[in-house]
Amino acid sequence: MSKNELILPKDFPQLKNNTFLRAARGEQTEHVPVWCMRQAGRYLPEFRASREGKDFFETCRSPEHCCELTLQPLRRFPFDAAIIFSDILVVPQALGMEVQMLTGKGPTFTDPLKEPEDLQRLRASVDVNKELDYVFRAITLTRHKIEGKVPLIGFSGAPWTLMSYMIEGGGSNTHSKAKRWLYRHPESSHMLLRMLTDVIVEYLLGQVAAGAQALQLFESHAGILGPVQFKEFSLPYLRDIARRVKDKLKEMDQDVPMIVFAKDAHYALEELSESHYEVVGLDWTIDPRSARKRTGGKVSLQGNMDPCALYAPKERISDIVKKMLEGFGSRGYIANLGHGLYPDMDPENVGAFVEAVHLHSKNMNKQV
Ligand SMILES: Cc1c2[nH]c(c1CCC(=O)O)Cc1[nH]c(c(CCC(=O)O)c1C)Cc1[nH]c(c(CCC(=O)O)c1C)Cc1[nH]c(c(CCC(=O)O)c1C)C2
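Residue numbering for the sequence shown is 1 to 368, as defined by the UniProt record's numbering.
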């Protein structure tokens, strides 16, 4: 028996800081909780040291490494949540596709999908518990090792974003190969999106069973769609995922908040706030006050400082954070960036961001 198998998803340490979970449910908290997308990342020297010389997806398959990388940012900063170290592309791998992380190039598929016939290359039925067991073990281990300090977030890529990677074969500016499918092969596109949805639902439920206390869906490529295609090829699947996961969680007597982050989908804010997610994540192109108005108190909001604001001097970061908090208000709000941290960011400025959120939100609460 390997040492991971001894770690079971039960008897987890008691949660000490639940501000993130309460804010996700729209409750008032002592301070506004804060975390950063890509908080476990290359901007931290200890992350670069741990990852050095190791294959990215091999790291993802090692529960011990994932646990260590997830915990690293918490040792430096008083974040109010942690996100499990993994990647959205483990799902296409589970469907049978080969993906490598190439230095300087990012994720690269060996043999991307080209035509609808290629769907036959995908596993028709995926045993999620077998294929993605390593993620579940990483979550269980981390949930123990985090010692109840903050909640642990599980995540998945959303169907359209994963579909676009599977067809583009990696990062892309135009996503024109994937969008070509939407216009030329709409039925096959829906078939692929349905296949992904089925796997994602199982995957998210498996993450909760393993110990995830919240779930975030990353629709990172929403912006490239525009409102009409978003309504046809993204939104229905986002809604289906939330509804199916929620129904099952109810049966399991679990109450796990779900966050949807559809980057650059400001055109769909109203729809996203009526999609069964407790929290809508926002990129920096949306004004906080108008986001509140447009979502009408139906959901909590998360975001949305421009990550590049972290290049500003610390006093300026503090001012930007203060304005952002005033725009969102301190209730039903989780502070974050509008997208992930970049590798060249100064950890000290990340610390200044976290500190400013806590300080200004406590002051705002005093004035109410
Ligand atoms: C740290 C990291 C990750 N993935 C990649 C890196 C950098 C590579 C490395 O360190 O070697 C490659 C890695 N993985 C991906 C990319 C983007 C490729 C591209 O489109 O150009 C890269 C460089 C794909 C990916 N992967 C992810 C997204 C959605 C979020 C987003 O929009 O950025 C996406 C699009 C999710 C993701 N990815 C990761 C996490 C957990 C860490 C954390 O957030 O603290 C998460 C949540 C981890």
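Even glycine gets a Cβ: it sits at the ideal position worked out from N, Cα and C.
Per-residue burial, residue i [other beta carbons within 10 Å of its own, 16 or more giving buried]
i, result
"N363", "exposed"
"P13", "exposed"
"D346", "exposed"
"C308", "exposed"
"V201", "buried"
"Q207", "buried"
"M1", "Caution is warranted here: a pLDDT of 40 is assigned to M1, below 50, making its placement in the model unreliable, and the coordinate value is therefore given only provisionally. Exposed, by the Cβ-count rule."
"P92", "buried"
"K243", "The question names Lys, but residue 243 is Arg in the sequence shown. So R243 ends up on the exposed side."
"R184", "exposed"
"A124", "exposed"
"Q72", "buried"
"V150", "buried"
"V228", "exposed"
"R316", "exposed"
"Q120", "exposed"
"Q28", "exposed"
Opposing strand residues paired with residue i [DSSP bridges]
i, result
"Q216", "F155, I259"
"A82", "L152"
"G126", "Residue identity differs from the one stated: residue 126 is Val in this sequence, not Gly. DSSP lists no partner for V126."
"I334", "Q302"
"V280", "V260, L301"
Distance cut-off 8 Å: residue i Cβ against heavy atoms of ligand 1
i, result
"L204", "no"
"L89", "yes"
"K263", "yes"
"R61", "no"
"F56", "yes"
"Y267", "no"
"Q229", "no"
"I83", "yes"
"H339", "yes"
"P159", "no"
"Y277", "no"
"S220", "yes"
"L42", "Residue identity check: residue 42 is Arg in the sequence provided, not Leu. Flag set: Cβ of R42 near ligand 1."
"G223", "no"
"Y342", "no"
"Y165", "yes"
Member of the options whose CA lies at the smallest distance from the CA of residue i
i, options, result
"G171", "Q100, R121, G303", "Q100"
"K298", "M324, C308, Y311, L269", "L269"
"D255", "F230, A209, F233", "A209"
"R76", "N129, A40, G211", "A40"
"F85", "E131, S164, R42, L102", "R42"
"G351", "T29, W35, N17", "W35"
"L204", "A24, G157, N365", "G157"
field: Cβ contact (3+ pairs, closer than 8 Å) linking the segment 175-192 and the segment 40-50
entry: no
task: Determine, using beta-carbon pairs with one atom in the segment 214-232 and one in the segment 256-264, whether at least three such pairs fall under 8 Å.
output: Because the criterion of three Cβ pairs below 8 Å is met, the segment 214-232 and the segment 256-264 touch.
message: Counting beta carbon pairs with one atom in the segment 315-331 and one in the segment 283-290, are three or more of them shorter than 8 Å?
response: yes
task: Could you tell me whether the segment 50-57 touches the segment 100-112, where touching means 3 or more Cβ pairs closer than 8 Å?
output: Taking 8 Å as the limit for Cβ pairs, the verdict is that the segment 100-112 does touch the segment 50-57.
Three or more C-beta pairs below 8 Å linking the segment 335-342 and the segment 305-324: yes
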